[in-house]
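Participant: Numbering (this note's numbering), first residue to last: 38 to 318. Idealized CB from N, CA, C, for every residue including glycine.
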Ligand code: SF4
C-alpha cells in the first residue's frame, strides 16, 4: 500500500499518499479517524472564510473512481488492523480506529456517487469485521439535502448507526453570506436540517470566531438560536467550536479564536433552549 505518513493533528489530505482515504490522528477522539475525501480537486459549492482547504475553489468534484476508493479503504484497514501501521505511525494511546468520516476538501454530498460511496464504506467495514464498531460520519454543509440521492446516502448512514455533522454558522441570510459565501434562506436551512435529522442522528456544527477583533453580533447569535431551538428534540445536539487551525482563505489575518470562557457562557445560553451542547476548546 502507499506510504502512510501522518503526525498528530496533521489533517493534510495527502498525508497517506492515497486519493480518497486519509488517516488523521484525532486527539479529541483519542484515536485514528479514517477520512474519506470525495473532493480531491479542492472544490466546494460554498466558500467559508475560515475554511482550511488550500487553494479552495468553487465547484464540485470530478467523477469518483469507486473501485479505487474501495481498494484504498481495504488496503488501509488491512494495514491498520493486521499490519504495522499503528505500531510504526501512531503514538501509544491513539492506536485505535475511531470512525470513518466523509470529510474532504469540499462538500462530500456534492459527489454524484456519494450514496454509492457510503455503500462501499459499509461493505468494506463489514468485510473487515468492523461494521457497527467504526461509526460512519458525514461532515456536510447540508446545502444539497433536497437531492434524493443525498437523502439516500444519509439514510444509509443512519441505518448503519452513523451520524451527520451539519454546518450551521449563522442565523440570517446576511450571516450565511458573510461567513459561508453562500446565498441561502434560513427557513431552507431549517427544513434541510429537519429532513437530515429524520434520516440520521444529526449534530449541528457551529464555528464561532472573532472577525476584525469583534465577537459574533448578538443579533446573529439570537437568530441562530431561534432557528435551532425548535429542533431541540430532533437534533442529537449542537457542537460549538472556534478556530482550531488557521483559515487558509484570504480573510485569515482578520479571524481569531474566541476564548473558552466566552464559548462556555454562550453554551449555557444555548442549553437553556433544551439543546444538547458540546464545546471544543
Ligand atoms: S463547506 Fe467546508 S469545505 Fe466547503 S468551504 Fe465551507 S468549510 Fe470549506
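What alpha helix (DSSP H) runs, 4 residues minimum, are completely inside the stretch 101-178?
Facilitator: As far as the stretch 101-178 is concerned, its whole alpha helix (DSSP H) runs of at least 4 residues are 103-119, 122-126, 151-164.
Participant: Tell whether a beta-carbon distance below 7 angstroms holds between residue 140 and residue 72.
Facilitator: yes
Participant: Candidates 196, 227, 168: which alpha carbon is nearest residue 263's?
Facilitator: 227
Participant: For residue 203, list the residues DSSP reports as bridge partners.
Facilitator: 177, 241
Participant: Are residue 144 and residue 55 closer than 7 angstroms when you measure CB to CB?
Facilitator: no
Participant: Could you tell me the distance, in whole angstroms, from the CA atom of residue 116 to the CA atom of residue 162?
Facilitator: 14 angstroms
Participant: Looking at the ligand SF4, does it come within less than 6 angstroms of residue 81, judged from the CB to the closest heavy atom?
Facilitator: Checking the Cβ of residue 81 against the ligand SF4 gives yes.
Participant: Which partner residues does residue 298 have in the DSSP bridge list?
Facilitator: According to DSSP, residue 298 bridges with nothing at all.
Participant: Measuring only the C-alpha atoms, how far is residue 260 from residue 70?
Facilitator: 33 angstroms
Participant: Would residue 233 and residue 206 qualify as a contact pair, given that the criterion is a beta-carbon distance under 7 angstroms?
Facilitator: no
Participant: Any idea which residues DSSP pairs residue 87 with across the strands?
Facilitator: None; residue 87 has no bridge partner.
Participant: Would you list the residues sitting across from residue 72 in a DSSP beta bridge?
Facilitator: Residue pairing for residue 72: DSSP places it in a beta bridge opposite 59, 138.
Participant: Helix, strand or coil for residue 316, going by three-state DSSP, please let me know.
Facilitator: Residue state for residue 316 is assigned as strand, using DSSP reduced to three classes.
Participant: Quick one: using the 10 Å Cβ neighbour count with 16 as the cut-off for buried, is residue 170 buried or exposed?
Facilitator: exposed
Participant: From residue 173 to residue 77, what distance separates their C-alpha atoms?
Facilitator: 20 angstroms
Participant: Beta strand (DSSP E) containing residue 274: first to last residue?
Facilitator: 274-278
Participant: DSSP on residue 251, reduced to helix/strand/coil?
Facilitator: strand
Participant: Is residue 244 near the ligand SF4, with its Cβ less than 6 angstroms from a heavy atom?
Facilitator: no
Participant: Starting from residue 185, trace the alpha helix (DSSP H) both ways and give me its first and last residue.
Facilitator: 185-196
Participant: Tell me the rounded alpha-carbon separation between residue 132 and residue 220.
Facilitator: 42 angstroms
Participant: Looking only at its chain, what residues have a beta carbon closer than 7 angstroms to the beta carbon of residue 156, apart from the 5 residues adjacent to it on each side?
Facilitator: Within the same chain, Cβ atoms closer than 7 angstroms to the Cβ of residue 156 are found at 193, the five residues on either side in sequence being excluded.
Participant: Would the stretch 290-301 and the stretch 268-279 be scored as touching if the rule is three or more Cβ pairs under 8 angstroms?
Facilitator: yes
Participant: Could you say which of 310, 128, 146, 135 lies nearest to residue 74 if we only look at CA atoms?
Facilitator: 146
Participant: Within 7 angstroms (strictly less), CB to CB, does residue 202 reach chain D?
Facilitator: Within the model displayed, chain D is absent; a lone protein chain is all it includes.
Participant: Looking at residue 148: is its Cβ nearer than 7 angstroms to the Cβ of residue 101?
Facilitator: yes
Participant: Please state if the CB of residue 97 and the CB of residue 152 are separated by a distance shorter than 7 angstroms.
Facilitator: no
Participant: Residue 281 by DSSP, collapsed to three states: which one?
Facilitator: coil
Participant: Could you give the C-beta distance for residue 311 and residue 273, rounded to a whole number, given that I count them as a contact under 8 angstroms?
Facilitator: Actually they are not in contact, since the Cβ atoms of residue 311 and residue 273 sit about 13 angstroms apart, beyond 8 angstroms.
Participant: Which residues in the same chain as residue 51 place their Cβ atom closer than 8 angstroms to its Cβ, once the five residues preceding and following it in sequence are excluded?
Facilitator: Interpretation of residue 51 is limited by its pLDDT of 46, a score under 50 that renders its predicted location unreliable; the figure taken from the coordinates is listed afterwards. Excluding sequence neighbours, residue 51 sits near 59.
Participant: Between the Cα of residue 64 and the Cα atoms of 127, 80, 86, which residue gives the shortest distance?
Facilitator: 127
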